[in-house]
Amino acid sequence: MSIYALQKAIRDVNRDPAKRAAFFESPAGLAAQYALSEAERDALQRRDYATLYALGVHGLLLRPFSILHSVSEADYLRAIRGQG
Amino acid sequence: MALSFACALGHAPGIVAWREAAPAEQRERLYQAFGELRARLEAARLEALVLFTAEHWANFFLDHISPYCIGRAQEFSGPIEPWLKIDQAAVPGAPDLAEAILTACQEHDIEPAFSYELRLDHGTMVPLHFLTPAMQLPIVPIVINTLAPPLPTPRRCFLLGQAVGEVVRRDARRIGVIATGGMSHDPGERNHGVIDESFDRQFLDAMKDADAQRLKNYTVPQLHAAGAGAVELLNWIALGGALGGARGEVLAYEPVVPWATGIAAMAFNVVSAS
């Protein structure tokens, strides 16, 4: 279980301009900085909101992360409800 | 009579940031109620304001979470959200009152965390925007953990409130105490947009009647069932502890779908209870 590291990565991207720039430049590069499981790393790199949510990422971290990528509320909700 | 004002109100960012999204009638009823709260607050000529409030990963993360954190800074800044449509402000603190609250908590066998550097997010800035728009009134924010389980229980939050109420009552200053947040809402989660009006109204009844047993008997899972954000009603329960039995009046309640939140404004008759 590295849900802590996964949430930390997402919080850092949300809040730290340097980490955010790093993620936009190379999602894999940013993800490599955190001790993530393979499934977590994959979901983070692909911004797979359904999986990130199912893995336990808090909604108030995940929704702001999706907003960084201009995901609409409707699309976000469809994804986390498994209707994506 | 140092407890001179008390109220509870929602803090949903949409109230300010997405004003136009809400049906005009709901919006106006809420703004009118917030205006009434402000008028009563001003009539009470307060010298300080204690807030039971929530934050949303603004200061704390999972590297360090405390059940309650008392802000003892000289000055707080906010909002952290550039999109909130509230001007950046420096809000004065009341460090001596914060210290008195911390000391009283110790006497009540509660050991809150404290911080000299809390940044304010919409959880505090939206209520202040309506109640003290000049941002001049010194505040003591008390942040209750509503994010990362295990959360403090309603019973403990009520006790925390009782400790705060004692300090406020024996202080020479005219002090207000408020709770922010709630009611039913599930932000960023699967039931985002779902509002449980019947849950909200039952909770408002318990606050209105100053029903200490009902407030303390709520459980975190019961609150959470009304949405991940409904646990912010822990702030209201803490306020219930501080009120010492003062009954309340619901000035407005609106389930505002575009703001994805059940929003209430309550005032409490603290003067007759003292």
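Chains as they are written, first to last, in numbering that gives the first Met the number 0: chain A, 0 to 83; chain B, 0 to 273. All C-beta atoms, glycine included, are put in the ideal place defined by N, C-alpha and C.
Please report the residue range of the alpha helix (DSSP H) in which I262 (chain B) lies.
-> To locate residue 262 (chain B), count along the second sequence from 1; it is residue 263. Here I262 (chain B) belongs to no alpha helix (DSSP H); instead the beta strand (DSSP E) covers 260-267.
Terminal residues of the beta strand (DSSP E) in which I79 (chain B) lies | On the second sequence, position 80 is the one that residue 79 (chain B) refers to. Looking at the DSSP string, I79 (chain B) is not in any beta strand (DSSP E), and its letter there is neither H nor E.
At a Cβ threshold of 9 Å, is G58 (chain A) touching chain B?
-> Taking the first sequence and counting its residues from 1, one reaches residue 58 (chain A) at position 59. Yes, because at least one Cβ of chain B sits closer than 9 Å to the Cβ of G58 (chain A).
Please confirm if K18 (chain A) has its CB atom under 9 Å from at least one CB of chain B.
-> Along the first sequence, one-based indexing puts residue 18 (chain A) at 19. No, K18 (chain A) does not count as interfacial toward chain B.
With 9 Å set as the bound, which would you pick, yes or no: does the beta-carbon of G77 (chain B) sit closer than that to a beta-carbon of chain A?
-> Locating residue 77 (chain B) in the second sequence gives position 78, where the first residue counts as 1. No, G77 (chain B) lies away from the interface with chain A (no Cβ there is under 9 Å from its Cβ).
Option nearest P292 (chain B) by Cα separation, candidates B:A251, B:V249, B:L233 | Outside the displayed span of chain B (0 to 273) sits residue 292 (chain B), for which this structure offers no information.
Output yes or no for whether 9 Å exceeds the beta carbon distance between I236 (chain B) and M182 (chain B).
-> Here residue 236 (chain B) refers to the residue found at position 237 when the second sequence is read from its first residue. Here residue 182 (chain B) refers to the residue found at position 183 when the second sequence is read from its first residue. For I236 (chain B) and M182 (chain B), no; Cβs fall outside 9 Å.
Can you grab the Cα-Cα spacing for the pair A20 (chain A) / R45 (chain A), in whole Å?
-> Sequence index remark: in the first sequence, residue 20 (chain A) carries index 21 (1-based). Sequence index remark: in the first sequence, residue 45 (chain A) carries index 46 (1-based). Distance between the alpha carbons of A20 (chain A) and R45 (chain A): 16 Å.
H184 (chain B) by DSSP, collapsed to three states: which one?
-> For this step, residue 184 (chain B) is matched to residue 185 along the second sequence. Three-state DSSP puts H184 (chain B) in coil, outside helix and strand.
Mind checking who V49 (chain B) pairs with in its DSSP beta bridge?
-> Within the second sequence, numbered from 1, the residue matching residue 49 (chain B) stands at position 50. Secondary-structure assignment with DSSP links V49 (chain B) through a beta bridge to B:V139, B:V176.
Classification of A47 (chain B) by the beta-carbon crowding that lies within 10 angstroms, buried from 16 upward | Here residue 47 (chain B) corresponds to residue number 48 of the second sequence, with the count starting at 1. Its Cβ being crowded by 16 or more others within 10 Å, A47 (chain B) is buried.
Helix, strand or coil: how does DSSP classify A5 (chain B) here?
-> To locate residue 5 (chain B), count along the second sequence from 1; it is residue 6. Correct three-state label for A5 (chain B): strand.
From B:A21, B:G243, B:A224, B:R189, residue whose alpha carbon lies closest to that of F157 (chain B) = Reading the second sequence from its first residue, position 158 is the one you call residue 157 (chain B). Of the candidates B:A21, B:G243, B:A224, B:R189, the one whose C-alpha sits nearest the C-alpha of F157 (chain B) is B:G243.
From the DSSP output, in three-state form, read off H121 (chain B) for me.
-> Taking the first residue of the second sequence as 1, we reach residue 121 (chain B) at position 122. H121 (chain B): helix per DSSP, three-state reduction.
Does the segment 185-201 of chain B touch the segment 247-254 of chain B, meaning 3 or more C-beta pairs lie closer than 8 Å?
-> Under the 8 Å Cβ criterion, the segment 247-254 of chain B counts as touching the segment 185-201 of chain B, having at least three qualifying pairs.
Extent of the continuous beta strand (DSSP E) to which L36 (chain B) belongs = Position 37 of the second sequence, counting from 1, holds the residue named residue 36 (chain B). Per DSSP, L36 (chain B) lies in no beta strand (DSSP E); the unbroken alpha helix (DSSP H) holding it starts and ends at 23-42.
Between the C-alpha atoms of S69 (chain A) and S114 (chain B), what's the straight-line distance to the nearest angstrom?
-> Along the first sequence, read from residue 1 onward, the residue named residue 69 (chain A) stands at position 70. Along the second sequence, read from residue 1 onward, the residue named residue 114 (chain B) stands at position 115. Separation of S69 (chain A) and S114 (chain B) (C-alpha to C-alpha, rounded to the nearest whole angstrom) is 34 Å.
Straight-line Cα distance separating C68 (chain B) from D195 (chain B) | Here residue 195 (chain B) refers to the residue found at position 196 of the second sequence. Here residue 68 (chain B) refers to the residue found at position 69 of the second sequence. Approximately 29 Å, taken between the alpha carbons.
Is I85 (chain B) helix, strand or coil when you go by DSSP?
-> Position 86 of the second sequence, counted from the first residue, corresponds to residue 85 (chain B). Three-state result, I85 (chain B): coil.
Interfacial residues, the segment 42-65 of chain B to chain A, with Cβ spacing under 8 Å | Within the segment 42-65 of chain B, the qualifying residues are H55, W56, F60, L61, D62.
What is the residue span of the alpha helix (DSSP H) that G113 (chain A) lies within?
-> The requested residue 113 (chain A) is not part of the displayed model; chain A covers only 0 to 83.
Rounded separation between L159 (chain B) and R62 (chain A) - CA only | Taking the second sequence and counting its residues from 1, one reaches residue 159 (chain B) at position 160. Taking the first sequence and counting its residues from 1, one reaches residue 62 (chain A) at position 63. Taking C-alpha positions only, L159 (chain B) is separated from R62 (chain A) by approximately 32 Å.
Local Cβ density within 10 Å of G122 (chain B), reported as buried at 16 or more and exposed below that | Position 123 of the second sequence, counted from the start, is the residue given in the question as residue 122 (chain B). Buried.
Grouping DSSP H, G and I as helix and E and B as strand, with all else coil, what is V249 (chain B)?
-> On the second sequence, residue 249 (chain B) is found 250 positions in, with the first residue counted as 1. Assigned with DSSP and collapsed to three states, V249 (chain B) falls in strand.
Whether L2 (chain B) touches G164 (chain B) by CB criterion (9 Å) = Here residue 2 (chain B) refers to the residue found at position 3 when the second sequence is read from its first residue. Here residue 164 (chain B) refers to the residue found at position 165 when the second sequence is read from its first residue. Yes, they are a contact pair.
Rounded to whole angstroms, what's the CA-CA distance from I177 (chain B) to I66 (chain A)? Just pull it up for me.
-> For the purposes of this step, residue 177 (chain B) is taken as the residue at position 178 of the second sequence. For the purposes of this step, residue 66 (chain A) is taken as the residue at position 67 of the first sequence. A direct Cα-to-Cα measurement between I177 (chain B) and I66 (chain A) gives close to 31 Å.
Which chain A residues sit within Cβ distance under 7 Å of G187 (chain B)?
-> Counting from 1 along the second sequence, the entry for residue 187 (chain B) is found at position 188. Think of a sphere of 7 Å around the beta carbon of G187 (chain B): the chain A residues whose beta carbon falls inside it are G58, L59, L61, R62, in chain order.
Taking one C-beta from the segment 98-111 of chain B and one from the segment 23-35 of chain B each time, how about it: are there three or more such pairs within less than 8 Å?
-> The answer is no - the segment 23-35 of chain B does not touch the segment 98-111 of chain B, with fewer than three Cβ pairs under 8 Å.
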